[in-house]
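Line by line, the protein sequences are chains U and A.
Heads up, the first sequence is in the UniProt record's numbering, so the first residue is 1 and it goes up one at a time.
Heads up, the second sequence is in the UniProt record's numbering, so the first residue is 1 and it goes up one at a time.
Idealized CB from N, CA, C, for every residue including glycine.
Quantities reported herein were computed from a predicted structural model and do not represent experimental measurements.
2 protein chains.
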Amino acid sequence: MAEKLEGAARAEALTTLGESGWAEVDGRDAIHKTFVFKNFTRAFGWMTQVAIVAEKMDHHPEWSNVYKTVEVTLATHDVDGLSALDVTLAAKMDRLAS
Amino acid sequence: MAEKLEGAARAEALTTLGESGWAEVDGRDAIHKTFVFKNFTRAFGWMTQVAIVAEKMDHHPEWSNVYKTVEVTLATHDVDGLSALDVTLAAKMDRLAS
């Protein structure tokens, strides 16, 4: 079961995530990042890689795609906020996009 | 080059699309439909099939996914509204989801 990120652990995670472009969502305990690729095939190819990772983690993103752009929001439903699952998935997304 | 759907052709297309759950978007010449699948794998599997079709058509959806739900908006940028491309892609999406 996921645990809600709080206090120093939360602050540290947000600082690290912030360095790669993740930002807190206004009015909601969640993080957001916009990924821009070269074209649709690259964008959707990345989404496919992430989808397999997410399914294996049993932790899924909220995301939208318009051509080469993918907007991602991460949060953990069970804790109604951020958990280590979000930090892990965010890092995997960054790695797959790099 | 795509041509904007207008008049009787537009009305007829919207009627047919309406029968399978596509609706006009408020304040924008576009159509929208919510697809709900059994789980994430089914939802993303369908998106993958659609992505290949869309890339072949060089006509891409605006879509968002949260777990088993996919929200789709279709419009044709070149005509700033609906064209036959949207009608074709909508029908292909329906067929792949059925």
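task = Alpha carbon to alpha carbon, how far is U:V70 from U:W63? Give it in angstroms, no decimals.
result = Along the first sequence, one-based indexing puts residue 63 of chain U at 63. Along the first sequence, one-based indexing puts residue 70 of chain U at 70. Going from the Cα of U:W63 to the Cα of U:V70 covers about 7 Å.
request  = Taking the CB atoms as reference points, tell me whether U:I31 and U:A90 lie closer together than 9 Å.
outcome  = Numbered from 1 along the first sequence, position 31 holds the residue referred to as residue 31 of chain U. Numbered from 1 along the first sequence, position 90 holds the residue referred to as residue 90 of chain U. Yes. Within cutoff.
inquiry  = Looking at U:T48: is its Cβ nearer than 9 Å to the Cβ of A:T48?
reply    = Along the first sequence, read from residue 1 onward, the residue named residue 48 of chain U stands at position 48. Along the second sequence, read from residue 1 onward, the residue named residue 48 of chain A stands at position 48. It is a contact, given that the beta carbons lie within the stated cut-off.
ask   = Just how far apart, CA to CA, sit A:A9 and U:L96?
value = Here residue 9 of chain A is taken as the residue at index 9 of the second sequence, counted from 1. Here residue 96 of chain U is taken as the residue at index 96 of the first sequence, counted from 1. Rounded to whole angstroms, A:A9 to U:L96 spans 44 Å at the Cα level.
task = Identify the continuous beta strand (DSSP E) that holds A:V66 and give its terminal residues.
result = Counting from 1 along the second sequence, the entry for residue 66 of chain A is found at position 66. It spans E62 to V66 - the beta strand (DSSP E) in which A:V66 sits, taken as one unbroken run.
query = DSSP on U:L74, reduced to helix/strand/coil?
reply = In the first sequence, the residue the question calls residue 74 of chain U occupies position 74. In this structure, U:L74 counts as strand in the three-state DSSP scheme.
task = Could you please give the first and the last residue of the uninterrupted alpha helix (DSSP H) stretch that includes A:V79?
result = One-based indexing of the second sequence puts residue 79 of chain A at position 79. Looking at the DSSP string, A:V79 is not in any alpha helix (DSSP H), and its letter there is neither H nor E.
key: A:A23 (DSSP reduced to helix, strand or coil)   = What you label residue 23 of chain A is simply residue 23 of the second sequence in a count that begins at 1. In the structure shown, A:A23 sits in a strand (DSSP, three-state: E or B).
CA nearest to the CA of U:A75, picked from U:W46, U:A54 and U:K68 = Along the first sequence, read from residue 1 onward, the residue named residue 75 of chain U stands at position 75. Among U:W46, U:A54 and U:K68, the Cα nearest to that of U:A75 belongs to U:A54.
request  = Starting from the C-beta of A:V25, find all residues in its chain whose C-beta is less than 7 Å away, skip the five residues before and the five after it, and write them out in chain order.
outcome  = The residue you call residue 25 of chain A lines up with position 25 of the second sequence. By the criterion of a C-beta distance shorter than 7 Å, A:V25 is surrounded in its chain by I31, H32 and T73, once the five residues flanking it on both sides are discounted.
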